[in-house]
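Chains as they are written, first to last, in this note's numbering: chain Z, 1 to 312; chain S, 313 to 499; chain D, 500 to 599.
Backbone N, C-alpha and C fix where the C-beta goes; we use that ideal spot for every residue, glycine too.
Below is one structure, written out as structure tokens, with a few remarks after it.
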Amino acid sequence: MGEAVTPGLLGSVAVAAALLAALATAAVVLDGVLGARSEGRSSRPALTRPVDEVARLLRQRRRAPLSADTLLWRIGGGGLGVAALLMVAVVPLGEWVIADLDVGVVWFNTMDVAVWALVWLTGWGANSVHSLVGGYRFLALALAYELPLMFALVAPAVGAASLDVREIAAAQGSLWFVVWMPVAFAVYCLGVVAFSVWGPFTPPAGSDVAGGVLSELSGVDRLLVQAGRYALLAAGAAFAVPMFLGGGSGPLLPGWAWVVLKSAVLLAALVWLRRRLPSARPDLVMEVGWVVLLPAVLLQDLAVAVVVAWRG
Amino acid sequence: MLVDIGFWVLAVLAVASAVLVFVVDSMARATYALAVSFVAVGFALVLLQQNYVGVVTVLMMLMEMAVMAVYMVMYMGMNPALMPMSMVHGKRAALAVSGAAFVVLGAGALLVDWPVRRGVPAPDVTAALGEALMGRQMLVMVVISPVMVATIVGGVVLAAHRTRYDRFGDDLRRRPARDPQRGGVGR
Amino acid sequence: MTLETVLLVAAALFAVGLYGAISQQVVVMVMMGLEVMVNAVILAAGAMWWFLAPDPTGQVLLLVVLAAMTVEMAMGFAVATLVHRHRNSDMTDSATDLAR
């Protein structure tokens, strides 16, 4: 294992933020195109959707409901993007990594738990019923998906005998973890979609509660939350690459290019799957999470542990 | 030098937000002030070279505070409008006791002749912790696990107001159980 | 950053938590006071580990403290929910049965 290359901190944070923004933007465009296609509309407007949305929301007046807890509200909304950036900080781009943390897996997990607090604060701070209902819905979903997600992260860590993301990526030289940890990978992807409050896990921001946590957001606040959700999705896809998809290994291209490419492919797959999955109702998902997903992931962990012990 | 600056920033943040917990007027703000205090202590542990324990502290406490805020709202039923609230008793005595505690503990910290450092940290502190947990200190985990299970069961028994007779009927034969929420796996 | 300074900060945290635990009337706020005290214990234990004996065993103690804290929270909320349900109150002053 060579020394991690850590260039200047500011420069690397800027690069990571730019990559994250590019991935998130691409996901927005793809989602828009697929949506337009499925409804038989022209997909032309979807191509400029990110720019249009940003321009529209930046010009929109920023309003707040009566006696909103503005401090907590803005912390919640602005924090989502920051959490996504802190997630990708431990993702190695080939040999190049922003934060060479020896407990990178736990760090990622910590950031996705921070999303609990941030989404709930976004719901709470607005001082409005629908918004708060959205916040509670997210916590209900979180209680269902978090434990399976945690144990899904355990599987690659056990397989590589390390919590360091770089070592986990390096341990998949011959066989990617996704091949012999498919259950953990699937549950991980479900968790990523869930902590992004996106796709099937949209009920916290659902139209049946007038937009839930989004209902009172406007202008730049709304922009930050919407961008934060896509940034979280992109960060989750990027983190799957060193965990399950062999990191930067691949022919011809340099390591960093493979990491970006694999993240983009996984992100595109998640966006494509979105229209093929039913919505996750918080009252039903709780039991599915604890009775189906959690035992399945635990069995996966057991299988991985047995294989690791057997290989010595 | 950088570590010193970082530590003092975290220390001030930890103590200031801990004070805010009992000063601010909103339950949500109090809960998340406590979360900030824990996060600061977690990162202070990272500065003290305990990456795993520090990050896990941050993880657990953020989760705990997110859940705690829900209980806060459930018991107090307050809206986010910042209502003035002061629900204290024996404030003066409490201030005196805690001031005395600070003097005693602080004096202890400064006056005790601390021994010199014994041993050096393992090259990989996290791996050493894992090996200790799964080796010499296995008993700790063996004890904690049943305590945790007992806590889960005990907590549910205390807090749930519905019993199995409410769910399955007086003869415990009703299937499916009568629950306020239908489960997701069709039982 | 020396052992003395970290312990001093921990002492300040502990004193703040003690104040909260004694003075607050609402059960959840009392628990917050206890949490701040445990927070101080975590900081002090971490400092002792690093400055006195950086041996893996010391970190196990920290994990035990974290586990104790979760147990405290879970049981505290369970009892608080029970009291709340039966007496519709979340004040410590209404749960003094054992004091009589």
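Chain-ordered chain Z contacts of residue i [CB-CB under 9 Å]
i	result
tyrosine 344 of chain S	Leu72, Ile75, Ala117, Leu121
tyrosine 364 of chain S	Asp102, Val103, Val106, Leu163
alanine 326 of chain S	Those do not exist, as alanine 326 of chain S stays about 17 Å from chain Z at its closest Cβ, beyond 9 Å.
Contact set between residue i and chain D, taken where Cβ atoms lie within less than 8 Å
i	result
methionine 460 of chain S	Ala566, Thr569, Val570
aspartate 436 of chain S	The premise fails here: aspartate 436 of chain S is roughly 10 Å from chain D at the closest Cβ pair, so nothing lies under 8 Å.
arginine 429 of chain S	Phe550, Leu551, Ala552, Pro553
valine 336 of chain S	Near valine 336 of chain S there are no residues of chain D at all, since even the closest Cβ is about 11 Å away, more than 8 Å.
Limits of the alpha helix (DSSP H) - the one that residue i falls within
i	result
threonine 569 of chain D	555-586
isoleucine 559 of chain S	Shown here, chain S extends from 313 to 499; a query on residue 559 of chain S therefore has no answer.
methionine 399 of chain S	Counting along the chain, methionine 399 of chain S falls outside any alpha helix (DSSP H), and DSSP gives it neither H nor E.
phenylalanine 350 of chain S	339-359
leucine 273 of chain Z	255-273
tryptophan 120 of chain Z	104-125
serine 410 of chain S	403-423
serine 329 of chain S	314-333
glutamine 300 of chain Z	294-311
arginine 166 of chain Z	165-170
valine 365 of chain S	363-388
phenylalanine 185 of chain Z	182-195
methionine 446 of chain S	437-446
glutamate 216 of chain Z	That residue, glutamate 216 of chain Z, is in no alpha helix (DSSP H); it is neither H nor E in DSSP.
proline 156 of chain Z	129-160
methionine 286 of chain Z	282-287
valine 428 of chain S	First-last for valine 428 of chain S: undefined, no H or E at that position.
proline 203 of chain Z	Taken as a continuous stretch (DSSP letters only), proline 203 of chain Z belongs to no alpha helix (DSSP H), as it is neither H nor E.
proline 45 of chain Z	44-47
threonine 70 of chain Z	70-88
arginine 476 of chain S	476-480
Own chain, CB closer than 6 Å to residue i, minus 5 neighbours either side, in chain order
i	result
alanine 393 of chain S	Any reading at alanine 393 of chain S must be qualified, since the residue scores a pLDDT of 45, below 50, and its modelled position is unreliable; the value itself is stated next. So no residue of the chain qualifies.
leucine 118 of chain Z	Gly76, Gly79, Leu80
valine 193 of chain Z	Gly199, Phe201
valine 187 of chain Z	Pro148, Ala152, Leu293, Val297
aspartate 537 of chain D	Residue 537 of chain D is actually valine in this sequence, not aspartate. Result list for valine 537 of chain D: Met568, in chain order.
leucine 322 of chain S	Ala352, Phe355, Ala356
leucine 191 of chain Z	It is worth fixing the name first, because residue 191 of chain Z is glycine in this sequence and not leucine. If we look at glycine 191 of chain Z and ignore the five residues flanking it on each side, its Cβ neighbours are Tyr145, Leu149.
Sequence-distant residues of its chain with Cβ nearer than 7 Å to residue i (five each side left out)
i	result
glycine 154 of chain Z	First, the residue type needs correcting, since residue 154 of chain Z is valine and not glycine in the sequence shown. Excluding residues within five positions, the ones whose Cβ falls inside 7 Å are Asp301.
valine 220 of chain Z	Leu57, Leu58, Arg62
alanine 160 of chain Z	Glu167, Ile168, Ala171
phenylalanine 185 of chain Z	Val178, Phe244
alanine 27 of chain Z	Tyr230, Leu233, Ala234, Leu267, Val271
methionine 286 of chain Z	Ala140, Leu143, Ala144
Contact list for residue i against chain Z, beta-carbon separation under 7 Å
i	result
threonine 463 of chain S	In chain order: nothing, as chain Z lies at least about 16 Å away.
valine 497 of chain S	Glu287, Val288, Val291, Val292
Identity of the residues DSSP links to residue i by a beta bridge
i	result
serine 525 of chain D	It should be noted that the sequence gives valine, not serine, for residue 525 of chain D. Valine 525 of chain D is bridged to D/Met590.
Beta-carbon contacts of residue i that lie in its chain and below 8 Å, excluding the five residues immediately before and after
i	result
methionine 590 of chain D	Gln524, Val525, Val526
valine 563 of chain D	none
valine 437 of chain S	Gln361, Gln362, Asn363, Tyr364
glutamine 558 of chain D	Trp548
Amino acids of chain S, ordered along the chain, whose beta-carbon sits closer than 7 Å to that of residue i
i	result
leucine 502 of chain D	Trp426
alanine 114 of chain Z	Leu374
alanine 594 of chain D	The premise fails here: alanine 594 of chain D is roughly 13 Å from chain S at the closest Cβ pair, so nothing lies under 7 Å.
Neighbouring residues, chain S, relative to residue i (Cβ below 9 Å)
i	result
glutamate 53 of chain Z	Here the premise fails: no neighbours, minimum Cβ distance about 28 Å.
tryptophan 124 of chain Z	Ala340, Ala381, Val385, Pro392
methionine 87 of chain Z	Correct list: empty, because the minimum Cβ distance to chain S is about 13 Å.
Contact list for residue i against chain A, beta-carbon separation under 7 Å
i	result
aspartate 316 of chain S	Protein chains in the displayed structure are Z, S and D, and chain A is not among them.
Neighbour list for residue i in chain Z, Cβ cutoff strictly below 8 Å
i	result
arginine 341 of chain S	Asp69, Leu71, Leu72
methionine 377 of chain S	Ala117
leucine 371 of chain S	Val106, Asn109, Thr110, Val113
Under 7 Å from the C-beta of residue i: neighbouring residues of chain D
i	result
phenylalanine 355 of chain S	Neighbours of phenylalanine 355 of chain S on chain D: none; closest Cβ ~11 Å, over 7 Å.
Partner residues on chain D for residue i, Cβ-Cβ distance less than 9 Å
i	result
alanine 440 of chain S	Asp554, Pro555, Gln558
Contact between the stretch 367-379 of chain S and the stretch 92-109 of chain Z (3+ Cβ pairs under 8 Å):
yes
Taking three-plus beta-carbon pairs below 8 Å as touching, is the stretch 29-42 of chain Z in contact with the stretch 81-95 of chain Z?
No: fewer than three Cβ pairs fall under 8 Å.
When the Cβ atoms of the stretch 217-232 of chain Z are set against those of the stretch 249-265 of chain Z, are three or more pairs found closer than 8 Å?
Judged by Cβ distances under 8 Å, the stretch 217-232 of chain Z makes no contact with the stretch 249-265 of chain Z, as fewer than three pairs qualify.
Any contact between the stretch 256-270 of chain Z and the stretch 232-243 of chain Z? By contact I mean 3 or more CB pairs, one from each, below 8 Å.
yes
When you compare the stretch 60-76 of chain Z with the stretch 121-141 of chain Z, are there three or more beta-carbon pairs, one atom per stretch, that lie closer than 8 Å?
yes
Evaluate the contact criterion for the stretch 478-492 of chain S versus the stretch 301-311 of chain Z: three or more CB pairs, one atom per stretch, below 8 Å.
no
Touch check for the stretch 132-150 of chain Z and the stretch 194-205 of chain Z: three-plus C-beta pairs under 8 Å?
yes
Would you call the stretch 143-158 of chain Z in contact with the stretch 291-300 of chain Z, where contact means no fewer than 3 C-beta pairs closer than 8 Å?
yes
Indicate whether the contact test is met: 3 or more Cβ pairs, each with one atom in the stretch 313-332 of chain S and one in the stretch 268-285 of chain Z, closer than 8 Å.
no
For the stretch 531-541 of chain D and the stretch 561-580 of chain D, state whether three or more C-beta atom pairs, one from each stretch, are separated by less than 8 Å.
yes
Three or more beta-carbon pairs under 8 Å between the stretch 334-349 of chain S and the stretch 403-422 of chain S, yes or no?
The stretch 334-349 of chain S makes no contact with the stretch 403-422 of chain S, as fewer than three CB pairs between them are under 8 Å.
Sufficient close CB pairs (3 or more, under 8 Å) joining the stretch 374-384 of chain S to the stretch 572-583 of chain D
yes
Give a yes or no on contact between the stretch 168-187 of chain Z and the stretch 236-243 of chain Z, applying the rule of three or more CB pairs nearer than 8 Å.
With three or more CB-CB distances shorter than 8 Å, the stretch 168-187 of chain Z counts as touching the stretch 236-243 of chain Z.
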